[in-house]
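Numbering (this note's numbering), first residue to last: 2 to 301.
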Ligand code: CP
Ligand code: NVA
């Protein structure tokens, strides 16, 4: 039996494959395809953490492509009573064709993938959020052309989404400037991986330095799921994306945020609700990009 085509992280997939996945939305984005390439296929979604976008966009993607979805939460499945993720993987592999997991711990995702006989998709862990980045790349390219030519600046917590931006910068070949407090920088292994892979990824504690001349400005919540707020609001305040910070980016720079947003914390209302914000397109593109991911995993 061939190994399942997992979609666990962007650093584990080559750029040709990623480009192939991103090419699929063009086939389906404008109007729902009459073809149902996933007819008879079933996706199981497991949520250890809350979700709005990932849940709805995966369910719609699967349904619009002709397939079905089953959703499990720890509270209403035997996972909540101690059945292991390995046994869950073995059982689900006998029922469904692909599994999407939103996990509190990345290790849970790796364990699921190790024991599943069907493809496993990372729907966010404490380490990374690769499906978000597929939608983000699509959004940047729709608004500003090929990402290879862009400078992307991240101002905020060096969290799971920031790690996937690092992976994406290396795979897609764009410049990524991260501005994070030293204590909340992305894991040094990820930065070292990017340097070794020849990526144009830089790290600073100065948001103005990172954003100066950028094409895209990105941020995310200061307190991710599973984080303790602690001293984060004080540490993160200088990284808030406001009009002053946006004013040093290119005049036609766009603003991205994976959502959910906290207006007044990581981004001000005039920025996220202003003319440079593309966050609603970005949220919509989760649906289109994930159709590509599902078609890739199911070789359809
Ligand atoms: N951006 C994102 O993954 O949103 P949800 O947590 O609502 O799925
Ligand atoms: N970094 C955020 C992303 C939410 C989609 C979190 O993990 O909570």
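Where a beta carbon is used, it is the ideal one built from N, C-alpha and C, also for glycine.
Taking 7 Å as the cut-off, is the CB of residue i close to at least one heavy atom of the ligand NVA?
i: residue 102; result: no
i: residue 109; result: no
i: residue 266; result: no
Using 8 Å as the threshold, is the C-beta distance between residue i and residue j below it?
i: residue 240; j: residue 208; result: yes
i: residue 274; j: residue 223; result: no
i: residue 187; j: residue 236; result: no
i: residue 293; j: residue 26; result: yes
i: residue 211; j: residue 180; result: yes
i: residue 45; j: residue 73; result: yes
i: residue 5; j: residue 75; result: no
i: residue 220; j: residue 157; result: yes
i: residue 167; j: residue 191; result: yes
i: residue 63; j: residue 70; result: yes
To the nearest angstrom, how far is it from the Cα of residue i to the Cα of residue j?
i: residue 163; j: residue 125; result: 12 Å
i: residue 102; j: residue 148; result: 28 Å
i: residue 105; j: residue 20; result: 29 Å
i: residue 319; j: residue 47; result: No information on residue 319 is available, as it lies outside the stretch 2 to 301 that the chain covers here.
i: residue 146; j: residue 139; result: 10 Å
i: residue 78; j: residue 286; result: 30 Å
i: residue 213; j: residue 206; result: 13 Å
i: residue 91; j: residue 216; result: 45 Å
i: residue 87; j: residue 131; result: 22 Å
i: residue 165; j: residue 279; result: 19 Å
i: residue 23; j: residue 14; result: 13 Å
i: residue 184; j: residue 196; result: 20 Å
i: residue 35; j: residue 290; result: 18 Å
i: residue 272; j: residue 30; result: 27 Å
Give a single yes or no on whether residue i has its beta carbon closer than 7 Å to a heavy atom of the ligand CP.
i: residue 56; result: yes
i: residue 126; result: no
i: residue 52; result: yes
Sequence ranges, beta strand (DSSP E) only - wholly within the segment 199–261, length at least 3: 202–205, 217–220 and 255–258
Unbroken stretches of the alpha helix (DSSP H), 4 residues or longer, contained in the segment 110–195: 131–145 and 161–173
Every unbroken alpha helix (DSSP H) within the segment 260–293, with a cutoff of 4 residues, ordered by chain: 270–273
Within the segment 21–82, ranges of the alpha helix (DSSP H) (whole runs, at least 4 residues): 26–29 and 54–65
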